[in-house]
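Colleague: I'd like to ask some things about the structure below.
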């Protein structure tokens, strides 16, 4: 059950979350600062977008789609195959911040969600920056 005050509900439910995840991955192709992040993804971003949608649905208080289809998140372990350092994280954050800013005008929602998203992004680091 979705709480009426969950980020999922405040984003507009499935439709709003889908809009956010689609825009996020579109920005990965558009933003020059996302090039390092884009490079660790496959040519098609369709499956990645679907997984991100399912994860955020669960994480933002909506239907637990990720758990139902993929089990426990273990995000860092699921990303160990991809080299993630500062440039990849910064690119990912740039895409998320812009997609979020284009859709969300509620400062309280941004204050509640963004620190957690940034912490998650930083947690994904599995490589040191090249010297």
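Numbering (the numbering used here), first residue to last: 12 to 142.
Beta carbons are placed, not taken as given, at the ideal position from N, Cα and C, and that holds for glycine.
1. Please classify residue 18: does DSSP put it in a helix, a strand, or coil?
2. My parser needs the alpha helix (DSSP H) runs of 4 or more residues fully inside the stretch 38-69; what are they?
3. Using DSSP with H/G/I as helix, E/B as strand and the rest coil, what is residue 12?
4. With distances taken Cα to Cα, identify the nearest neighbour of residue 129 among 41, 108, 16.
5. Beta-carbon separation of residue 34 and residue 113 under 8 Å?
6. Going by other Cβ atoms of all chains shown within 10 Å of its Cβ, with 16 needed for buried, is residue 39 buried or exposed?
7. Where do the ends of the alpha helix (DSSP H) carrying residue 92 lie?
8. Return the CA-CA distance between residue 73 and residue 105, expressed in angstroms with no decimal places.
9. Nearest to residue 93 by alpha carbon, out of 111, 118, 135?
10. With burial defined as no fewer than 16 other Cβ atoms inside 10 Å of the residue's Cβ, what is the status of residue 122: buried or exposed?
Modeller: In short, the structure shows the following:
1. helix
2. 46-50
3. Because residue 12 sits at a pLDDT of 49, beneath the cut-off of 50, its placement in the model cannot be relied upon, and the following sentence gives the value as read from the coordinates. In the structure shown, residue 12 sits in coil (DSSP, three-state: anything other than H, G, I, E or B).
4. 108
5. yes
6. buried
7. Per DSSP, residue 92 belongs to no alpha helix (DSSP H) and is neither H nor E.
8. 24 Å
9. 135
10. exposed
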